[in-house]
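Novice: Starting off with a structure, shown below.
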């Protein structure tokens, strides 16, 4: 699989297939190689690096986990020219073993952030810069890159590939939240790690609880105290609910310290998107359940499908006749 990127930003480029030691020497005399291959690869007869970025992927599909992964056949080069930037960065260090899943996003959110698009080169670059579960970081750079710096590089790189302003800041906020939660590959003190975690978890919990309170008030559940900013008529409830979903998360996001911009983006987004995502999650869960049932026992899956359709017809007729 070969994808050509001809956006011509000048920051991304094809970095070839040279052994890690050779590529590091080209970056600089003090370059670091993160996750270096166990053995030096023999010299390759492949073409020299190309000025335009060419993403060449070898796809592998795991039938047991039903997941696909991709191995880069040529490194991605990137020039981080920010004021506090890291200069030349090559991903990955280990061309033979390192893999990526392209843009790491849950399936139910691909309508919001697709797996591929203008942001793909930046997403693969970020994958190489961060330690993610069992997937090690693998890059060559002039110095060690911490995860919060990798997130900033990701955001800047998306801008250079033409990713829209809203999408790139939204993606950056999401990966920043993951960094705050994990606290890996950073130079923070234990106190700072717990500050960020408590701010992140507390924001999520309060948004969930306040959202539940507002929902129970909207459907007039007896015994539930009224939400002060919702009002009593439908228009006041809609306006109050929407404004509360923006203002309260903004205030909570201010507790995120140097990552408060991520909190200001992610908090309102989560509060506003939860009502839309819950039905998608339920439908996705039902689909996965039916799919697994069908693979396990085809006849039982067919029986369940017939029963579901029969019950739907019965409910439809009953509702019509009693209305």
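In my numbering, the protein residues as written are 3 to 325.
Glycine included, each C-beta is placed from N, C-alpha and C at the ideal position.
1) Hey, which unbroken runs of the beta strand (DSSP E) at 3 residues or more fall wholly within the stretch 62 to 95?
2) Considering only residues of the same chain and omitting the five flanking positions on each side of residue 107, which have a CB-CB separation below 6 angstroms?
3) Can you list, in chain order, the residues of its chain whose CB lies under 7 angstroms from that of residue 152, leaving out five sequence neighbours each side?
4) Taking the straight line between their C-alpha atoms, what separation do you get for residue 199 and residue 270?
5) Can you name, in chain order, every residue of its own chain whose Cβ lies under 7 angstroms from the Cβ of residue 86, other than the five neighbours on each side?
6) Tell me where the beta strand (DSSP E) around residue 16 begins and ends.
7) Give the DSSP-derived three-state secondary structure of residue 22 in the structure shown.
8) Return the CA-CA distance between residue 256 and residue 156, expressed in angstroms with no decimal places.
9) Where do the ends of the beta strand (DSSP E) carrying residue 143 lie?
10) Could you give the residue range of the alpha helix (DSSP H) that holds residue 34?
11) What residue from 224, 59, 319 has the CA that sits closest to residue 19's CA?
12) If you follow the alpha helix (DSSP H) that residue 219 is in, where does it begin and where does it stop?
13) Report the residue from 249, 61, 144 whose alpha carbon sits nearest the alpha carbon of residue 89.
14) Between the Cα of residue 17 and the Cα atoms of 298, 84, 206, 78, which residue gives the shortest distance?
15) If you follow the alpha helix (DSSP H) that residue 162 is in, where does it begin and where does it stop?
16) Buried or exposed: which applies to residue 307, given that a residue is buried once 16 or more other Cβ atoms fall within 10 Å of its Cβ?
Specialist: By the coordinates alone:
1) 69 to 74, 78 to 82, 89 to 93
2) 115
3) 128, 131, 132
4) 18 angstroms
5) none
6) 14 to 16
7) helix
8) 23 angstroms
9) 141 to 143
10) Note, residue 34: premise wrong, no alpha helix (DSSP H); beta strand (DSSP E) at 34 to 36.
11) 59
12) 192 to 220
13) 144
14) 78
15) 149 to 162
16) exposed
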